[in-house]
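Undergrad: Each residue of the sequence shown is one higher than the one before, starting from 1 at the first, in UniProt numbering. Questions regarding the structure given below will be posed in turn.
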Amino acid sequence: MNRNLIIGAVVVIAAALGFYVYSNQKVEAPVAATTEGAAATTEGTASTESVLPTALADEAADAAEATTEASTDAAAATTEAATEAATAVTEAAEGAVEATTEAATDAAAATTEAATEAATAVTEAAEGAAEATTEAATDAAAATTEAATEAAAATTEAAPAALDPATVLDPAKFDAAQVNALIDASTASDETKAALKKAVDAAAKNPAIVKLTVDTVKEGLGL
1 MNRNLIIGAV VVIAAALGFY VYSNQKVEAP VAATTEGAAA TTEGTASTES
51 VLPTALADEA ADAAEATTEA STDAAAATTE AATEAATAVT EAAEGAVEAT
101 TEAATDAAAA TTEAATEAAT AVTEAAEGAA EATTEAATDA AAATTEAATE
151 AAAATTEAAP AALDPATVLD PAKFDAAQVN ALIDASTASD ETKAALKKAV
201 DAAAKNPAIV KLTVDTVKEG LGL
């Protein structure tokens with residue numbers, strides 16, 4: 001209950017009692033003037049009536065005090081209950097925030113770990129592919145180099161056999177193309193090569209001069 005309302009009620013009761021006392025005092029004066037017996041009776045009555053308002057005022061004050069105490073106790077209980085409820089809500093909110101934060105942290109850690117593992121796997125795969133590609137390229141290059149070397153060696157070995165002067169410049173085995181190749185492979189001057197090749201072409205058309213031409217080529221090449 002509102003404290004101001006209680007105080008107002010007490011004031012109203014006190015005013016009513018005052019008015020009541022004042023009215024009784026106005027009535028007692030005429031009665032006292034009439035007779036002594038009536039005055040004595042009136043005096044006793046006034047004394048009784050004077051005690052009654054005082055008792056009523058005390059009861060009103062006690063009631064007001066009890067009401068105030070009850071209101072104070074109720075307010076204290078309400079405040080305590082509200083405080084406990086607020087504390088419980090705060091603790092629950094803090095617990096929820098802590099749980100959410102922990103869950104988010106765990107999720108972030110798991111995501112980071114998964115991303116790291118994936119990146120590591122990709123890196124290892126790329127390194128493995130690069131290593132395999134490099135190895136394959138190295139093997140292919142080695143094989144190509146080896147094949148080229150072998151081919152060059154075979155060509156080098158075959159060339160001397162094909163252009164063996166003793167065989168090429170044998171009149172019985174005369175071959176104008178091989179003789180011209182032998183001339184081109186020689187260290188003779190360009191003019192000498194041109195003259196000798198012209199003689200070889202003529203011998204190819206006239207077998208009668210083959211031996212003479214072969215001897216001329218040998219002399220021109222210093223053989």
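Even glycine gets a Cβ: it sits at the ideal position worked out from N, Cα and C. Because the structure is a prediction, the values reported are computed rather than measured.
(1) Rounded to whole angstroms, what's the CA-CA distance from V210 to E135? Just pull it up for me.
(2) Would a C-beta distance cut-off of 8 Å place L169 and K218 closer than the cut-off?
(3) Given this structure, state the Cα-to-Cα distance separating D139 from T120, to the nearest angstrom.
(4) Nearest to G222 by alpha carbon, out of F19, K193 and G8?
(5) Output needed for E95: all residues of its chain with C-beta closer than 6 Å, excluding positions within five of it in sequence on either side, in chain order.
(6) Determine the extent of the alpha helix (DSSP H) in which N206 is found, giving its start and end residues.
(7) Reducing DSSP to helix, strand and coil, say where T187 ends up.
(8) Going by DSSP, what residue range makes up the alpha helix (DSSP H) through P165?
(9) Output yes or no for whether 8 Å exceeds the beta carbon distance between L195 and A176.
(10) Within its chain, find whatever has a CB closer than 6 Å to the CB of E102; leave out the 5 residues flanking it on each side and keep chain order.
(11) Would T213 be called buried (16 or more neighbouring beta carbons within 10 Å of its own) or exposed?
(12) By a C-beta neighbour count over all protein chains shown, 10 Å radius and 16 as the cutoff for buried, is L5 buried or exposed?
(13) Tell me the DSSP secondary structure of D175 in three-state form.
(14) Under three-state DSSP, which class holds G222?
(15) By DSSP, does F19 sit in helix, in strand, or in coil?
TA: Once the coordinates are examined:
(1) For the purposes of this step, residue 210 is taken as the residue at position 210 of the sequence shown. For the purposes of this step, residue 135 is taken as the residue at position 135 of the sequence shown. The alpha-carbon atoms of V210 and E135 are separated by roughly 58 Å.
(2) Here the question's residue 169 lines up with position 169 in the sequence shown. Here the question's residue 218 lines up with position 218 in the sequence shown. For the pair L169 and K218, the CB atoms are nearer than the 8 Å cut-off.
(3) Taking the sequence shown and counting its residues from 1, the one referred to as residue 139 is at position 139. Taking the sequence shown and counting its residues from 1, the one referred to as residue 120 is at position 120. So the two alpha carbons sit approximately 28 Å from each other.
(4) Looking up residue 222 in the sequence shown gives position 222. Among F19, K193 and G8, the Cα nearest to that of G222 is on K193.
(5) Here residue 95 corresponds to residue number 95 of the sequence shown, with the count starting at 1. First, the amino acid is wrong: residue 95 is Gly here, not Glu. Short of 6 Å from the beta carbon of G95, and not among the five residues preceding or following it, lies no beta carbon of its own chain.
(6) As a position in the sequence shown, residue 206 is number 206, starting the count at 1. From DSSP, N206 is part of no alpha helix (DSSP H); its letter is neither H nor E.
(7) Numbered from its first residue, the sequence shown carries residue 187 at position 187. In the three-state reduction of the DSSP assignment, T187 falls in the coil class.
(8) Your numbering for residue 165 matches position 165 in the sequence shown. P165 -> alpha helix (DSSP H) spans P165 to V168.
(9) What you label residue 195 is simply residue 195 of the sequence shown in a count that begins at 1. What you label residue 176 is simply residue 176 of the sequence shown in a count that begins at 1. In the sequence as displayed, the identity of residue 195 is Ala instead of Leu. No, the Cβ-Cβ distance between A195 and A176 is not below 8 Å.
(10) Residue mapping note: residue 102 aligns to position 102 of the sequence shown, counting from 1. Contacts found: none.
(11) Counted from its first residue, the sequence shown places residue 213 at position 213. Buried.
(12) Working through the sequence shown from its first residue, we reach residue 5 at position 5. Burial call: exposed.
(13) Looking up residue 175 in the sequence shown gives position 175. DSSP places D175 outside both helix and strand once states are collapsed to three, so it counts as coil.
(14) Counted from its first residue, the sequence shown places residue 222 at position 222. Note: G222 maps to coil in three-state DSSP.
(15) Numbered from its first residue, the sequence shown carries residue 19 at position 19. Taken through DSSP and simplified to helix, strand or coil, F19 comes out as helix.
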